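Enquirer:
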Amino acid sequence: MTMSIPAAREIPSLDATDVEAFFRDHYATEQPVIFRGVTHADGGAEEVCRSLCDKIAVDTSVTERLLWYDVRQEIIDDACTTPPVVTESMNPDTAFLRDNCVRVWFNSGGHTTPWHYDGHSLHVFNLQLKGKKHWTIVAPETPLPNMPFSKTCLFEDNSLKGKRVYEFDLNEGDMVFLPRYWFHHVHSIGELNVNVNWVLMPKQQPAATKIAARESEILWLLQKTRGVMPSGVKWMLDNFAGAGEPALNTLTQEVSLGRGLSRVAKEVVRSPMVILAIPTLIRKARTVMKGKKILSGLLQTSQAAQKAA
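Heads up, the sequence shown stops at 309 in full-length UniProt numbering, and the numbers go up one at a time, no gaps.
1) If we ignore side chains and look at the alpha-carbon of each, how far apart do residue 23 and residue 201 end up?
2) The beta strand (DSSP E) spanning residue 220 covers which residue range?
3) Just to confirm before moving on: does the CB-CB distance between residue 127 and residue 17 stay below 9 angstroms?
4) Around the Cβ of residue 257, are there at least 16 other Cβ atoms within 10 angstroms (buried) or fewer (exposed)?
5) Enumerate in chain order the residues of its own chain whose CB-to-CB distance from residue 73 is below 7 angstroms, with the five nearest sequence positions on each side excluded.
6) Using three-state DSSP, classify residue 285 as helix, strand or coil.
7) Between which two residues does the alpha helix (DSSP H) holding residue 273 run?
8) On a Cα-Cα basis, can you pick out the residue from 160, 92, 94 and 78 that is closest to residue 115?
9) Less than 9 angstroms separating the beta-carbons of residue 223 and residue 237?
10) Find the nearest neighbour of residue 218 within the set 295, 119 and 86, judged by alpha-carbon distance.
11) Note down, in chain order, each residue of its chain lying with its Cβ closer than 6 angstroms to the Cβ of residue 2, except the 5 sequence neighbours on either side.
12) Inspect the beta-carbon positions of residue 180 and residue 138 and report whether they are closer than 9 angstroms.
13) Secondary structure at residue 26, three-state DSSP: helix, strand or coil?
14) Output yes or no for whether 9 angstroms exceeds the beta carbon distance between residue 105 and residue 171.
15) Where residue 132 and residue 174 are concerned, what is the direct C-alpha to C-alpha distance, given to the nearest angstrom?
16) If you follow the beta strand (DSSP E) that residue 191 is in, where does it begin and where does it stop?
17) Please return the same chain residues whose Cβ sits closer than 7 angstroms to the Cβ of residue 88, not counting the five positions on each side in sequence.
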């Protein structure tokens, strides 16, 4: 786990019903904020986990990702109340939305999510439904070093000197708004953690930061070289942020040929550093394998129970 950061700032907090202040001070400016005690789930962590897994096991629309499930809003409606700021944000007139716009995470205590920022230019509302997690986040205008053409950081033990950093605990019932391109490192403290995420891509241009520029340039390159890309990359482009080309064009419309070629050079120059990142890659692989085992085990238990019934 990354050590405590004495210089970390205190993250702002806000009432989840104060929609006007949220959109003015955080959504529009792409700044993080915590909403304390916004909702709760009846029962213990294991009970909530089992209830959600039972629904996931029989819903054919669910998509299993690397460490989470993409689900429809209806899957979680019985588990928790959707906060007003989320409801107002999930507006198809102002945001690109996926059909499965909710992510459900199950993590055991001790699980650590390595340093990275999220793809698809996503704003994330992360609700700690059960358990507790410790977060450290870094602003995209003071970025951490990334692996070439990747959203994963080169190192786990990063110097945060000179970075804009927030460090905080997310307790049961709390929710954090994590704007797009913010780096984060998350450590599970609770014995069993259940998290619900709502994800969306704003239709507005991102705040001008180093990472926003990097992402738009990489996406521009992928668009221009789509014909020679593997099928997985083509699928990602076609389904980007749930909208594909309209979402991509929103991000890449101001990227010039010069910027695109410059990005290639910047990423290639960084390639030799991947050798130094091998320990990070090994730790990440172990984390993913452990998390995937937990996820699959929970789902298999629910499926077996339903077959037995």
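Heads up, the beta-carbon is just placed ideally off N, CA and C, and yes, glycines get one too. Quick caveat, the model's predicted, so the values are computed rather than measured.
Expert: Quick look at the numbers:
1) In the sequence shown, the residue the question calls residue 23 occupies position 23. In the sequence shown, the residue the question calls residue 201 occupies position 201. So the two alpha carbons sit approximately 14 angstroms from each other.
2) Within the sequence shown, residue 220 is the residue found at index 220, counting from 1. Not the beta strand (DSSP E): residue 220 falls in the alpha helix (DSSP H), residues 210-224.
3) As a first step, residue 127 is located in the sequence shown; it is residue number 127 there, counting from the start. As a first step, residue 17 is located in the sequence shown; it is residue number 17 there, counting from the start. Their beta carbons are not under 9 angstroms apart, which means residue 127 does not touch residue 17 by this criterion.
4) Reading the sequence shown from its first residue, position 257 is the one you call residue 257. Exposed: under 16 other Cβ atoms inside 10 Å.
5) The sequence position of residue 73 within the sequence shown is 73, counting from 1. Closer than 7 angstroms at the Cβ level, and outside the excluded window around residue 73, lie 101 and 102.
6) Against the sequence shown, residue 285 aligns to sequence position 285. If DSSP states are grouped into helix, strand and coil, residue 285 belongs with the helices.
7) Here residue 273 refers to the residue found at position 273 when the sequence shown is read from its first residue. Counting along the chain, residue 273 falls outside any alpha helix (DSSP H), and DSSP gives it neither H nor E.
8) Stepping through the sequence shown from its first residue, residue 115 is reached at position 115. Selected option, being the one with the closest Cα: 160.
9) Translated into the one-based positions of the sequence shown, residue 223 becomes position 223. Translated into the one-based positions of the sequence shown, residue 237 becomes position 237. Going by C-beta atoms, residue 223 is nearer than 9 angstroms to residue 237.
10) As a first step, residue 218 must be located in the sequence shown, where it is residue number 218. Looking at the Cα atoms, 119 is the closest of the given residues.
11) Here residue 2 refers to the residue found at position 2 of the sequence shown. Note on residue 2: pLDDT 47, under 50, position unreliable in the model; no value is reported.
12) Taking the sequence shown and counting its residues from 1, the one referred to as residue 180 is at position 180. Taking the sequence shown and counting its residues from 1, the one referred to as residue 138 is at position 138. The answer is no: Cβ separation not under 9 angstroms.
13) If you number the sequence shown from 1, residue 26 lands on position 26. Residue state, collapsed to three classes: helix.
14) On the sequence shown, residue 105 is found 105 positions in, with the first residue counted as 1. On the sequence shown, residue 171 is found 171 positions in, with the first residue counted as 1. Result no, Cβ atoms of residue 105 and residue 171 do not sit closer than 9 angstroms.
15) The residue labelled residue 132 in the question sits at position 132 within the sequence shown. The residue labelled residue 174 in the question sits at position 174 within the sequence shown. Rounded to the nearest angstrom, the two C-alpha atoms are 9 angstroms apart.
16) On the sequence shown, residue 191 is found 191 positions in, with the first residue counted as 1. First-last for residue 191: undefined, no H or E at that position.
17) Taking the sequence shown and counting its residues from 1, one reaches residue 88 at position 88. These residues qualify, in order along the chain: 19.
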